[in-house]
Structures are given as structure tokens and as C-alpha cells.
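Residue numbers (my numbering): 1300 to 1758. For glycine and all other residues, C-beta sits at the position ideal for the given N, C-alpha and C.
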Ligand SMILES: Nc1ncnc2c1ncn2[C@@H]1O[C@H](COP(=O)(O)OP(=O)(O)OP(=O)(O)O)[C@@H](O)[C@H]1O
Ligand SMILES: [Mg+2]
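Have a look at this one:
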């Protein structure tokens, strides 16, 4: 049962009719008091609540009521309805645990979509699952091209599988090369929209001045350079999924424009005032920390809540080193076919060696390293030496960015990997490694012993 709370009879009635037409049971409440009474008498699945209660209100009553619901029935999702002018109220509500917000005047399609999404998400809360295996997931879902069985990754895949059929927006965070795009594709492939288009847009690559024309399209003559009609990315993606990559790069002006489309699911083509409807699933990705950008005032908080109904953080490769051998095998299998070298294989030692490399560029870097190595290796069995020769990228200048995340490594681990990296780079030449690391040869030997790194004593 869905509880509709609004002091305006007309709003209650129209929402109620709409929801009933689509098979939902509803109840209506005109005041917070009535709402809380009904909540005690009935098992609620969802609450839809107008924030702009009574005339003298500032939305405060709405927030109070929301808080009361979240305290008493934390499991029941609450969708807020606000006016465009009071979006800050919606943001406040999201912080208090609202499931979603809708601005007035709403589009019925979008409202129904939001209701269905909130309901299905509340039926699959993220939870622990002891017996989660890759095999089980693969029986249920389609995660081809995604290699790995790290427990963190399995949790992510499970969640993706569960939420894929909803229309919930998904935000994928993760360092460069961790597989964000693959995950975005997996959301689409496991959704009901899978036979519709999947359109990728790199927002980092679109100049602010061209944002509207790129995204919404334009009519010939809409502006000086518009020599012909152009179909916008949203139109291309209509009925399917749009993947907004590098969303953290979007400037403030474009953020407002994007928010509007996502909110209303309508847009206008430049040079054509007719408003067009959109039916779209939004998946965003970023390697930035959006929450921090919000705090710094560089990313709109309302847009942030709009795009991150579901958030997925992909682990860095160093957080899942056990997957490295699997990934390498997978890449080698593919390369065997590409280069017609069926005998190609990789020595267990090489796999072990690769597991210990830091890989700041994550899976993409690993993939490139394997590919380079295969290209130059003459022997069909790849050894640590083959990889070492390709992994030397020259000394990298130390900067905050190239350091692993706080908590990811202890100082000892950091020291050990730096020594291993240098040994690989200088082909185990102790004098060169010692010089590069700024320690004496004796000090380097001590550390090699301490960390159990193999070496050949030289004089
Ligand atoms: N789990 C995985 N299994 C197999 N290949 C993977 C996996 N994750 C990533 N890759 C491969 O690694 C490369 C980088 O992945 P992807 O482009 O999805 O990363 P990204 O997070 O979008 O990176 P960026 O932030 O640089 O855009 C791709 O070639 C992709 O196919
Ligand atoms: Mg990417």
C-alpha cells in the first residue's frame, strides 16, 4: 500500500487515481497527524509526501514528518514532492534518508518510474551473503567480459544484477582503469532496456559552450555554426541507457541544464521550442570524489542526489591482487587468438611477480603491460623477465597522486614494492637500484633480506 500525504485534495486525488490505474493500492492523508495514524494501522510499502505543507509552512513540517517516518519505519521508502523553487528542501530530505524526490509539476511517467524503482530497491536492500560465488552470479546474470572473483567485486556484481532491471540511476566511482565502463555496460546489458541503445558520452571531452548542442541537438541555423541539423545524445539514447562518463568534469552551467532534463525528463532541441519527452536510464561514472566536490561547492548537491540513487565504488587493483592472475590469463587467452599464437602461456612465477606490482593505472595498465609483453616476447612461455623488460616506465616523479590511498598499504609494504619495482627496472643491478633509492648498497641488501626479495649478490 502506498500512502499519499498532501494537504491539497486535488493533488492527493490525482496521484491516487494515477497509482490505482497502474495497479497500486493507495491511502491518502491530509495532515502529518493523519499520516502517522494510518502508518500504524496499515502495512505501508511506500510513502509519497509533499514537502510544502499548509500555507504558513517553510517545509519544516515536511522535514519533521519525514524524520518521524524514517525513525518509525526506516525500511519504507519515502518519495518527496517539491517545487522547483524549493529544491534545497529536497536535498535536505535526501540527507534525512528520503529515497527520491520529484519536482512539481511532475510527469506521470517519471513519477511511476520513480515509484517502481523505489519499491524494487527496497525489496533488495544491500546485504551480506556468505555463499556468494561467481558461478552463482553467472547463472543469474550476464557479466561476460568482467573477470574476477574478489569478494568486493562479487558484492558489486550482485548489487548490479539486482538493480539493473529498475530504472534507478547508478553512479560508479573508481580510480582510472578499474573497469567503470564495463560495469556501466553490465547495468545496461542486464536491464529491460538491453535491446535499446547504450550511448556513452564523455563529459570531460565536451566544451561547456557546446554542451546543449551535443546533448540536446540543434536545428540548422539555431546558431552561427549550426550548418545542419544535429541529433543530440539524449535523443540517440532515448528508450535506452545513457552513460555519462567523467561527470565530475561538468561545469556549473551545464550541471543545471543536465539536472533539468534528469528532473523533468523533457528537453528542447536548440532552435526548436517544442518540448520532447525522454525515457532514459542514467548511469554516471567518475574518478573524482563527488561528495568532496559537493562540499567544495564545485558540484551541485541536488544533481548529486539525482544521479546517485545507487552508488558503486570499484576497488583499485591493489585491493584485489588475487584477481591479477585471472585477469592476466584472460588477456593472454584473447591475445592468443588475436595474434594466432595458440602455444602462448605464462609461467607461474610471472603470475606471482605481477601480483606484487602496484599498478596505479589498474586493470588498464595491467592489460597494456600484458599486451606489450606478448608483442615483443619471442618465447611462447612468458617469464618474469619478459614482463620486467616491459614494465619499466622510467622513474616516476613522486606526487600525492601517484601514492596509494591512505590505509591501502603500510610503510613496509610501500617500501617493499618500491624496491621490487626498482629491481625490475634496473634488472637487479644492486648499485643502480641503491643509487635510485638513495640508500647505500649495504642498506639495500638489508632491506632485500628483510622483505625476502630475491637477488644475486654482486660486488
Ligand atoms: N574485471 C575486468 N575484467 C576484464 N577486463 C577488465 C576488467 N575491468 C576492466 N577491464 C579492462 O580494463 C580496461 C579499462 O577498463 P574501463 O575502461 O572500464 O576502466 P575505467 O574505470 O572506465 O577507466 P577510466 O577512468 O580511465 O575511464 C578496459 O580495456 C577493460 O576492458
Ligand atoms: Mg572510463
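Coarse secondary structure for residue i, derived from DSSP in three states
i, result
"residue 1473", "coil"
"residue 1748", "helix"
"residue 1526", "coil"
"residue 1696", "Reliability of the predicted coordinates at residue 1696 is poor, the pLDDT of 42 falling under 50, and the value obtained from them is presented with this limitation in mind. Reduced to three states, the DSSP call for residue 1696 is coil."
"residue 1640", "coil"
"residue 1726", "coil"
"residue 1394", "helix"
"residue 1625", "helix"
"residue 1332", "helix"
"residue 1611", "strand"
"residue 1500", "strand"
"residue 1322", "coil"
"residue 1437", "helix"
"residue 1601", "helix"
"residue 1401", "strand"
"residue 1460", "helix"
"residue 1432", "coil"
"residue 1291", "Because the chain here runs from 1300 to 1758, residue 1291 falls outside it and cannot be looked at."
"residue 1506", "coil"
"residue 1342", "coil"
"residue 1309", "helix"
"residue 1620", "helix"
"residue 1754", "coil"
"residue 1549", "coil"
"residue 1734", "helix"
"residue 1739", "coil"
"residue 1495", "coil"
"residue 1445", "coil"
Presumed contact (8 Å Cβ cut-off) between residue i and residue j, rounded CB distance
i, j, result
"residue 1619", "residue 1451", "6 Å"
"residue 1607", "residue 1468", "7 Å"
"residue 1658", "residue 1617", "6 Å"
"residue 1507", "residue 1553", "6 Å"
"residue 1500", "residue 1550", "About 15 Å; that fails the 8 Å criterion."
"residue 1285", "residue 1644", "There is no way to answer for residue 1285, as the model of the chain reaches only from 1300 to 1758."
"residue 1582", "residue 1486", "5 Å"
"residue 1495", "residue 1538", "4 Å"
Range covered by the beta strand (DSSP E) that runs through residue i
i, result
"residue 1582", "1580-1585"
"residue 1328", "1325-1328"
"residue 1348", "1345-1349"
"residue 1574", "1574-1576"
"residue 1304", "1301-1304"
"residue 1565", "1565-1567"
"residue 1382", "1377-1382"
"residue 1650", "Not the beta strand (DSSP E): residue 1650 falls in the alpha helix (DSSP H), residues 1647-1654."
"residue 1542", "1540-1544"
Range covered by the alpha helix (DSSP H) that runs through residue i
i, result
"residue 1534", "1532-1536"
"residue 1665", "1661-1675"
"residue 1588", "Per DSSP, residue 1588 belongs to no alpha helix (DSSP H) and is neither H nor E."
"residue 1682", "Element bounds for residue 1682: n/a, residue is neither H nor E."
"residue 1368", "1359-1371"
"residue 1465", "It is not in any alpha helix (DSSP H) - residue 1465 carries neither H nor E in the DSSP assignment."
"residue 1481", "1479-1488"
"residue 1515", "1510-1515"
Same chain, Cβ closer than 7 Å to residue i, five either side skipped, listed in chain order
i, result
"residue 1672", "1681, 1685, 1686, 1689"
"residue 1693", "Note that residue 1693 scores a pLDDT of 39, beneath 50, so its modelled location is shaky; the value from the coordinates is reported in the next line. For residue 1693, where only same-chain residues beyond five positions count, there are no Cβ hits under 7 Å."
"residue 1505", "1513"
"residue 1624", "1650, 1654"
"residue 1668", "1686, 1689, 1690"
"residue 1529", "1512, 1516, 1517"
"residue 1664", "1476, 1658"
"residue 1635", "1641, 1643"
Close beta carbons around residue i, own chain, < 6 Å, minus the five adjacent residues each side
i, result
"residue 1482", "1471"
"residue 1466", "1412, 1416, 1580"
"residue 1531", "1514, 1515, 1516"
"residue 1329", "1306"
"residue 1683", "1648, 1649, 1652"
"residue 1393", "1604"
"residue 1448", "1433"
"residue 1757", "1729"
"residue 1455", "1611"
Nonlocal neighbours in the same chain, by C-beta distance under 8 Å from residue i, ignoring five residues either side
i, result
"residue 1736", "1717, 1718, 1721, 1743"
"residue 1389", "1350, 1379, 1381, 1397, 1400, 1402, 1601, 1604"
"residue 1739", "1733"
"residue 1408", "1564, 1576, 1578"
"residue 1697", "Residue placement at residue 1697 cannot be trusted, given a pLDDT of 47 that sits under 50; what the coordinates show is reported in the next sentence. Cβ within range, chain order: n/a, list empty."
"residue 1331", "1304, 1352, 1360, 1363, 1364, 1367"
heavy atom of ligand 4 below 7 Å from residue i C-beta
i, result
"residue 1477", "Although ligand 4 was asked about, the structure shown includes only ligand 1 and ligand 2 as ligands."
Within 7 Å of ligand 2: residues by beta-carbon to any heavy atom: Taken from the N-terminal end onward, the list reads 1479, 1480, 1544, 1584.
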